[in-house]
């Protein structure tokens with residue numbers, strides 16, 4: 001994690017230096033982006049002694065990239081990988097889409113609440129492959145005891161979501177991919193931080209602020225993919241699920257190759 005954070009910091013520092021050079025050379029007009037706006041906003045601003053200007057300028061864009069886009073794309077990759085390895089689940093999801101939406105139109109946001117099996121697929125994907133498997137580090141604001149362990153104030157706290165969400169004391173057959181569990185034994189669980197055995201977005205005041213947007217994007221993206229296309233792997237080979245990259249998020253290290261075949265009327269793809 002420290003290595004990945006250091007590499008990301010280096011990338012953001014180079015972007016920041018590039019933007020500063022552009023401002024000094026006067027070639028910014030008409031090419032402003034988020035970092036340019038932040039540089040203008042922070043000019044002459046009085047900042048807290050706890051944070052220097054460069055830290056703020058690097059962290060905010062980094063949050064937009066890693067939390068706003070990378071986590072969603074990582075989840076979609078694992079969702080498709082699991083479905084390709086479990087064609088019976090994929091077929092059941094498509095049958096639900098055909099029943100609830102039909103084949104005469106595309107999926108709309110208003111359809112999502114009716115797609116309960118698709119919702120279970122997203123939940124099971126987030127359980128098995130949380131996009132941030134070690135969540136976001138927190139720091140204890142005061143000394144306390146947790147289950148008999150003394151935690152001094154200032155201690156960095158890291159939640160191992162990968163382990164929590166595969167805990168056999170809370171989940172039957174925890175390593176097995178079974179979306180149906182969220183329609184039966186775990187039907188009352190959601191991922192909004194109220195059930196501590198399932199917290200892919202964290203919990204409490206410091207949980208992911210983009211949870212609602214992320215949920216909407218993931219459900220709609222997967223629904224439209226499964227509704228619009230039949231999906232198979234080249235040569236019918238299973239996806240390697242051990243191909244896990246290292247970083248602040250958990251991407252699939254190698255590319256995911258999928259063959260798509262349209263399954264709706266041609267005019268719906270225009």
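Numbering (UniProt numbering), first residue to last: 1 to 270.
Every residue gets a Cβ at the ideal spot worked out from N, C-alpha and C, and that includes glycine.
Comparing alpha-carbon positions, which option in the options lies nearest residue i?
i	options	result
residue 254	263, 241 and 262	241
residue 224	269, 189 and 148	269
residue 256	172, 162 and 82	82
residue 141	149, 186, 153 and 244	153
Please report how far the alpha carbon of residue i lies from the alpha carbon of residue j, in whole angstroms.
i	j	result
residue 28	residue 35	11 angstroms
residue 178	residue 52	47 angstroms
residue 267	residue 103	11 angstroms
residue 14	residue 6	13 angstroms
residue 214	residue 109	13 angstroms
residue 120	residue 180	7 angstroms
residue 43	residue 60	16 angstroms
residue 261	residue 139	49 angstroms
residue 175	residue 92	21 angstroms
residue 251	residue 69	12 angstroms
So, residue i versus residue j, is the Cβ gap smaller than 8 angstroms?
i	j	result
residue 193	residue 210	no
residue 198	residue 165	yes
residue 71	residue 249	yes
residue 107	residue 227	yes
residue 235	residue 263	no
residue 118	residue 219	yes
residue 8	residue 62	yes
residue 123	residue 182	yes
residue 239	residue 85	yes
residue 58	residue 12	yes
residue 222	residue 90	no
residue 172	residue 184	no
Report, in whole angstroms, the separation of the C-beta atoms of residue i and residue j, which I expect to be a contact under 8 angstroms.
i	j	result
residue 54	residue 16	7 angstroms
residue 100	residue 111	6 angstroms
residue 246	residue 4	7 angstroms
8 angstroms is my cut-off, CB to CB: does residue i come that close to chain D?
i	result
residue 174	In the structure shown, chain D cannot be found, because there is only a single protein chain.
Quiz item: Can you find at least 3 beta carbon pairs, one from the segment 72-82 and one from the segment 129-140, that sit closer than 8 angstroms?
Solution: Touching, yes, given that three or more Cβ pairs across the two stretches are closer than 8 angstroms.
Quiz item: Counting Cβ pairs closer than 8 angstroms, one from the segment 154-161 and one from the segment 132-141, do we hit at least three?
Solution: They touch, by the three-pair rule.
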